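**Q** Once you've had a glance at the structure underneath, I'll fire off some questions.
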Amino acid sequence: MKNFIVKNYKYFLAGIIIGLVALALTLMGNPQNMGFCIACFLRDIAGSTGMHSAAIVQYFRPEIVGIVLGAFVISVIRKDFKPTGGSAPVTRFVLGVAVMVGALIFLGCPLRMVLRIGGGDMNAVIGLLGFIAGIGVGAIFLNKGFTLKRSYDLPLLEGAIAPASSAFLFILFLAAPFLFVFSESGPGSMHAPIWAALIGGLIVGIVGQRLRVCFVGGIRDSIMFRQFQMIYPFIMVIVTMIIGNLINGTFNFGFENQPVAHTDWLWNFLGLFIVGWGSTFLGGCPFRQLVLAGSGNSDSTITVIGMIVGAAMAHNFGLASSAAGVTTNGMIAGGICIAVILIIGLLNRKKVA
Amino acid sequence: MKTYIATFFTHFGALTLSKKCKATGIKSQLMPVPRKLSSSCGTCVKFEAENFDVVFHSDVEEELENCYEMLGADQFKALINNK
Numbered sequence: 035m036k037n038f039i040v041k042n043y044k045y046f047l048a049g050i051i052i053g054l055v056a057l058a059l060t061l062m063g064n065p066q067n068m069g070f071c072i073a074c075f076l077r078d079i080a081g082s083t084g085m086h087s088a089a090i091v092q093y094f095r096p097e098i099v100g101i102v103l104g105a106f107v108i109s110v111i112r113k114d115f116k117p118t119g120g121s122a123p124v125t126r127f128v129l130g131v132a133v134m135v136g137a138l139i140f141l142g143c144p145l146r147m148v149l150r151i152g153g154g155d156m157n158a159v160i161g162l163l164g165f166i167a168g169i170g171v172g173a174i175f176l177n178k179g180f181t182l183k184r185s186y187d188l189p190l191l192e193g194a195i196a197p198a199s200s201a202f203l204f205i206l207f208l209a210a211p212f213l214f215v216f217s218e219s220g221p222g223s224m225h226a227p228i229w230a231a232l233i234g235g236l237i238v239g240i241v242g243q244r245l246r247v248c249f250v251g252g253i254r255d256s257i258m259f260r261q262f263q264m265i266y267p268f269i270m271v272i273v274t275m276i277i278g279n280l281i282n283g284t285f286n287f288g289f290e291n292q293p294v295a296h297t298d299w300l301w302n303f304l305g306l307f308i309v310g311w312g313s314t315f316l317g318g319c320p321f322r323q324l325v326l327a328g329s330g331n332s333d334s335t336i337t338v339i340g341m342i343v344g345a346a347m348a349h350n351f352g353l354a355s356s357a358a359g360v361t362t363n364g365m366i367a368g369g370i371c372i373a374v375i376l377i378i379g380l381l382n383r384k385k386v387a
Numbered sequence: 052m053k054t055y056i057a058t059f060f061t062h063f064g065a066l067t068l069s070k071k072c073k074a075t076g077i078k079s080q081l082m083p084v085p086r087k088l089s090s091s092c093g094t095c096v097k098f099e100a101e102n103f104d105v106v107f108h109s110d111v112e113e114e115l116e117n118c119y120e121m122l123g124a125d126q127f128k129a130l131i132n133n134k
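Keeping their order, the protein sequence lines are chains A and B. Under the working numbering, the residues of the first sequence are numbered 35 to 387, in order. Under the working numbering, the residues of the second sequence are numbered 52 to 134, in order.
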């Protein structure tokens, strides 16, 4: 037991820190159960930069900048910063689009799924089942020889562009806010103060980089190797959120009337099924992609750009769900995403010698 | 007999080596790469052999990133670096 604690306390601590930051950001103004949501926040940024015009979800989220820069700074300090890339970038872009569409059908990335569960939202538990199923299918493909081929070392600049452009956009947001669009109502209008959001992102980015926190990786490693270390942060975020929400009086157990959520169980399941499967092929959840983008991985940067474009498409084509439920277009797009991921899976198999 | 950890650019590479180990009767295990060795979250193969290169053939080498000798529970010595 003592050995177990010594070996794993960091992973428990990581989950507690992420949970506390998410709680703090919610108390300071972020939407309920949305202290962090990589999908929602990238979608808000897409809206804020005019890539879509859904009026209620447009804001330049400093949390995203914080995560990328936090991962960048700590990876440089700890000599983990390594510009690499070249592993099927266009395929990764497409997977990024699919993952985002799946997340916006569910209404949240895996990180927000965890926060929603911690807020008592049982729709997110249905989502979790779909998520696990998606990762399971992805793991079968991995074991049958799925590969997007290796990455290569790249010039320093290639790895530095993601953190540099995140910082540039943030400065632009501070210096010339009139260039951006901001929601006047809805989730996009609800946000923590800029500096709190940035610092929250930095903390979570640093923790994420140091401990390789990944909401797909934990479940994947549990399924494939019976190794559970990476799942501890996942569990501790839920525990921290439940306690925090109970203290705060915001714990709302059940399916109905959950903040920024719908009750369509099939599409809650399938939305995160898409996210789980696509992310397993990508090698990490949306949060992990941001951290890797900050650590020099240009494959992840391309994935993040794919997610931003996917978010814009999701709102321009009416694919994203809302509290009112899933849209018909969203269901069609969900079907297309599953087909696309399947084709990518089938056509990227190599025979295992 | 020494214990080695081979890291790869892809999960596929690790899988290939693991199959090869099984076919030749070398004791091996697929597992996540130890944090100390990499900040990425790939798959590695831990195996036991007299000499680390007995298991590497061309299919494996293409995907191989590095091979480490395990000196202790969290101590590794890099043997190659196939960047």
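Note that the Cβ used here is the ideal one computed from N, Cα and C, for glycine as well. Being a predicted model, the structure only gives us computed values, none of them experimental.
#1: Quick check: what's the CA-CA separation for PRO85/B versus ALA124/B?
#2: Just checking: is the beta-carbon of CYS118/B within a distance shorter than 9 Å of some beta-carbon in chain A?
#3: Whose C-alpha, out of MET365/A, SER200/A, GLY220/A, is nearest the C-alpha of LEU324/A?
#4: Rounded to the nearest angstrom, what separates PRO83/B and ARG246/A at their Cα positions?
#5: I need the straight-line Cα distance from ARG17/A to LEU162/A, nearest angstrom please.
#6: Are the C-beta atoms of LYS116/A and some chain B residue less than 9 Å apart?
#7: Against GLU114/B, what residues of chain A qualify as contacts under a CB-to-CB distance less than 7 Å, listed in chain order?
#8: So, for GLU192/A: in the same chain, excluding its five sequence neighbours on each side, which residues have a beta-carbon less than 6 Å away from its beta-carbon?
#9: So, using beta-carbon positions, are ALA345/A and GLY364/A closer together than 9 Å?
#10: For VAL386/A, go through chain B and note every residue whose CB falls closer than 8 Å to its CB, in chain order.
#11: Please confirm if GLY179/A has its CB atom under 9 Å from at least one CB of chain B.
#12: Could you check the C-alpha separation between ALA137/A and MET52/B for me, to the nearest Å?
#13: Should GLY76/B be flagged as near chain A, meaning a C-beta pair shorter than 9 Å?
#14: Kindly indicate which three-state DSSP category SER79/B falls into: helix, strand or coil?
#15: For LEU130/B and ASP104/B, I'd like the C-alpha separation in whole angstroms.
#16: Output yes or no for whether 9 Å exceeds the beta carbon distance between PHE46/A and TYR266/A.
#17: Under 8 Å: does the beta carbon of GLY63/A sit that close to some heavy atom of the ligand PLP?
#18: Using the C-alpha atoms, what's the distance from ILE195/A back to LEU103/A?
#19: Kindly list, in the order they appear in chain B, the residues whose Cβ is closer than 7 Å to that of GLY251/A.
#20: Exposed or buried, GLU97/A, counting other C-beta atoms within 10 Å across all chains shown (16 or more means buried)?
#21: When you check each C-beta in the segment 248 to 275 of chain A against every C-beta of chain B, which residues fall closer than 7 Å?
#22: Are the C-beta of PHE59/B and some C-beta of chain A separated by less than 9 Å?
#23: Against MET82/B, what residues of chain A qualify as contacts under a CB-to-CB distance less than 8 Å, listed in chain order?
#24: Can you round the beta-carbon distance between ILE101/A and GLY220/A to whole angstroms, since I take them to be within the 8 Å contact cut?
#25: Whole angstroms are fine: how far does the CA of ILE52/A sit from the CA of LEU176/A?
#26: Of all the alpha helix (DSSP H) runs that stay within the bounds of the segment 141 to 208 of chain A, which reach a length of 4 or more residues?
#27: List the endpoints of the continuous alpha helix (DSSP H) containing LYS70/B.
#28: Between GLU290/A and THR297/A, what straight-line distance do the alpha-carbon atoms span, to the nearest angstrom?
#29: Quick one, which residues of the segment 121 to 149 of chain A are near chain B if we go by CB-CB under 9 Å, in chain order?
#30: Mind reading off the beta-carbon distance from LEU316/A to LEU145/A? Whole number of angstroms is fine, and I expect it under 8 Å.
#31: Name, please, each residue of chain B whose Cβ falls closer than 8 Å to the Cβ of GLN243/A.
#32: At a CB distance below 9 Å, what residues from the segment 301 to 319 of chain A approach chain B? Give them in sequence order.
#33: Counting along the chain, where does the beta strand (DSSP E) carrying LEU122/B start and finish?
#34: Could you have a look at PHE103/B and say whether DSSP puts it in helix, strand or coil?
#35: Do CYS248/A and GLY312/A come within 9 Å of each other at the CB atom, strictly closer than that value?
#36: Since SER329/A meets chain B, which of its residues come closer than 9 Å, beta carbon to beta carbon?
**A** Short version:
#1: Going from the Cα of PRO85/B to the Cα of ALA124/B covers about 10 Å.
#2: Chain A, which has no Cβ nearer than 9 Å to the Cβ of CYS118/B, makes this no.
#3: The option with the nearest alpha carbon to LEU324/A is SER200/A.
#4: Separation of PRO83/B and ARG246/A (C-alpha to C-alpha, rounded to the nearest whole angstrom) is 11 Å.
#5: A question about residue 17/A goes unanswered here, because the residues of chain A that appear run from 35 up to 387.
#6: Yes - at least one Cβ of chain B is within 9 Å of the one on LYS116/A.
#7: Residues of chain A whose Cβ lies closer than 7 Å to the Cβ of GLU114/B are, in chain order, ARG184.
#8: Within the same chain, GLU192/A has close Cβ partners PRO117, SER332.
#9: Between ALA345/A and GLY364/A, the CB-CB gap reaches or exceeds 9 Å.
#10: PHE63, LEU66, THR67, LYS70, listed in chain order.
#11: Taking Cβ atoms only, chain B reaches closer than 9 Å to GLY179/A, which makes this a yes.
#12: C-alpha separation (whole angstroms): 49 Å.
#13: No, GLY76/B lies away from the interface with chain A (no Cβ there is under 9 Å from its Cβ).
#14: In the structure shown, SER79/B sits in a strand (DSSP, three-state: E or B).
#15: When rounded, the distance between both Cα atoms is 10 Å.
#16: Yes.
#17: In the structure on display, the ligand PLP does not appear, and there are no ligands present to speak of.
#18: Those two C-alpha atoms are separated by around 11 Å.
#19: What GLY251/A touches in chain B: CYS92.
#20: It is buried - the Cβ of GLU97/A has at least 16 other Cβ atoms within 10 Å.
#21: Taking 7 Å as the Cβ-Cβ cut-off against chain B, the residues of the segment 248 to 275 of chain A that qualify are CYS248, GLY251, ASP255, PHE259, GLN261.
#22: Flagged as an interface residue toward chain A: PHE59/B, by a C-beta distance shorter than 9 Å.
#23: Under a criterion of Cβ atoms nearer than 8 Å, the residues of chain A adjacent to MET82/B are, in order, PHE259, GLN261.
#24: About 23 Å separates the two Cβ atoms, so there is no contact after all.
#25: Their backbone Cα atoms lie some 29 Å apart in a straight line.
#26: With a minimum length of 4 residues, the continuous alpha helix (DSSP H) runs that stay inside the segment 141 to 208 of chain A are 144 to 152, 157 to 177.
#27: First-last of the alpha helix (DSSP H) with LYS70/B: 62 to 74.
#28: If you take the alpha carbons of GLU290/A and THR297/A, they lie about 7 Å apart.
#29: The residues in question are SER121.
#30: Not a contact, Cβ separation roughly 15 Å.
#31: Result: SER90.
#32: Using a CB distance below 9 Å, the part of the segment 301 to 319 of chain A facing chain B consists of GLY317, GLY318, ordered along the chain.
#33: Element bounds for LEU122/B: 115 to 123.
#34: Looking at PHE103/B - three-state DSSP - the assignment turns out to be helix.
#35: In terms of Cβ geometry, GLY312/A and CYS248/A do not form a close pair [threshold 9 Å].
#36: Those within 9 Å of SER329/A in chain B are SER90, SER91.
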